[in-house]
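Notes follow the structure.
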Amino acid sequence: MSYVKLPKTKRGELTLKKICDAAEHLFSQNGFYETEINDITARAQVATGTFYTYFPDKSSVFLYLMDDLGRKLRHALRQAKKETAFDSMIEQERISIRVFFSFVREHFGLFKIIWQSQFVDAESFKNYYERFSAGYVREIKKAQQNGEIRDFDPALISYVLMGAHSFVTLKCFVFDKTEPDEATIDQLVEFFARGMLK
Numbered sequence: 117m118s119y120v121k122l123p124k125t126k127r128g129e130l131t132l133k134k135i136c137d138a139a140e141h142l143f144s145q146n147g148f149y150e151t152e153i154n155d156i157t158a159r160a161q162v163a164t165g166t167f168y169t170y171f172p173d174k175s176s177v178f179l180y181l182m183d184d185l186g187r188k189l190r191h192a193l194r195q196a197k198k199e200t201a202f203d204s205m206i207e208q209e210r211i212s213i214r215v216f217f218s219f220v221r222e223h224f225g226l227f228k229i230i231w232q233s234q235f236v237d238a239e240s241f242k243n244y245y246e247r248f249s250a251g252y253v254r255e256i257k258k259a260q261q262n263g264e265i266r267d268f269d270p271a272l273i274s275y276v277l278m279g280a281h282s283f284v285t286l287k288c289f290v291f292d293k294t295e296p297d298e299a300t301i302d303q304l305v306e307f308f309a310r311g312m313l314k
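Residue 117 is where the sequence shown starts when you use the working numbering, and the numbers rise one by one after that.
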């Protein structure tokens, strides 16, 4: 990644993690524009010069965080699907919903950082969602070939699913300060499976 100089030692990896953890917290709490590099280094308890060992500027650590957390979420989704038996697209979606909510619970800063990114770097914001959409499209096409899903545009369906995940997260975690329970997940899955028309 052009916006980060990755460390070659375990000590360097730990230092980079401290910087990223501090940045994730501050960006999610205060926002990108209200966070300064000095704030990040103070929270991480590293020298300002150490920050510049890894990142040329504040935008770079933001974009690295966004990319890294997105990669970790995609990995978590792939692992869960490998480790859990399912026989339909809709059951696969139930797994995805659970993993997504669990990941947001652990990395709540990710949710706020992704939404901020449309104002920090619009192209990265677009690319973030297009990566997830591409994975969904592959799964949706397989399900359509198996006769599970109607012949709607797979890309459109992918954004409907991602939109539902994001806005239910917004409603529960941000607005209501609660976590989605199994009943919420069941309703989401039922909605995806049957739609809202009787």
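From the three backbone atoms N, C-alpha and C, an ideal C-beta is built for every residue, glycine too.
Predicted, not measured: the structure shown is a model, and the values here were computed from it.
- Scanning the segment 250-298 for uninterrupted alpha helix (DSSP H) segments of 4 residues or longer gives 270-285, listed from N- to C-terminal end.
- Of GLY186, ARG187, MET205, LYS197, the smallest CA-CA separation from ILE265 is found for MET205.
- For SER218, the three-state secondary structure derived from DSSP is helix.
- Between LYS197 and ILE211, the beta carbon gap of about 6 Å places them in contact (Cβ cut-off 8 Å).
- Within the same chain, and ignoring the five residues on either side of PHE148 in sequence, the residues whose Cβ sits closer than 7 Å to its Cβ are PHE178, GLN232, VAL236.
- Judged by beta-carbon spacing, PHE143 lies within the 9 Å limit of ILE229, meaning their Cβ atoms are closer than that value.
- C-alpha of VAL253 to C-alpha of ALA271: approximately 6 Å in a straight line.
- Assigned with DSSP and collapsed to three states, SER204 falls in coil, not helix or strand.
- For GLU306 against PHE217, the beta-carbon gap comes to about 16 Å, at or over 8 Å, which does not count as contact.
- The segment 243-253 and the segment 161-168 do not touch, with fewer than three beta-carbon pairs separated by less than 8 Å.
- In chain order, PHE216, PHE217, VAL220, PHE227, PRO296 place their CB closer than 8 Å to the CB of THR285, counting only its own chain and leaving out the 5 sequence neighbours on each side.
- DSSP, read as helix, strand or coil, puts GLY311 in coil.
- Taking all protein chains shown into account, ALA160 has 16 or more neighbouring C-beta atoms within 10 Å of its C-beta and is therefore buried.
- Secondary structure at LEU122: coil, using DSSP grouped into helix, strand and coil.
- The straight-line gap separating the alpha-carbon atoms of ARG190 and TYR244 is approximately 11 Å.
- Scanning the segment 146-218 from its first residue to its last, the whole alpha helix (DSSP H) runs of 4-plus residues come out as 153-160, 164-170, 174-199.
- ASN154 and LYS134 have their C-alpha atoms some 14 Å from each other.
- Between ILE213 and ILE301, the CB-CB gap stays under 9 Å.
- With respect to ALA139, LEU185 sits apart: the two C-beta atoms are not nearer than 9 Å.
- The three-state secondary structure of ASP237, taken from DSSP, is coil.
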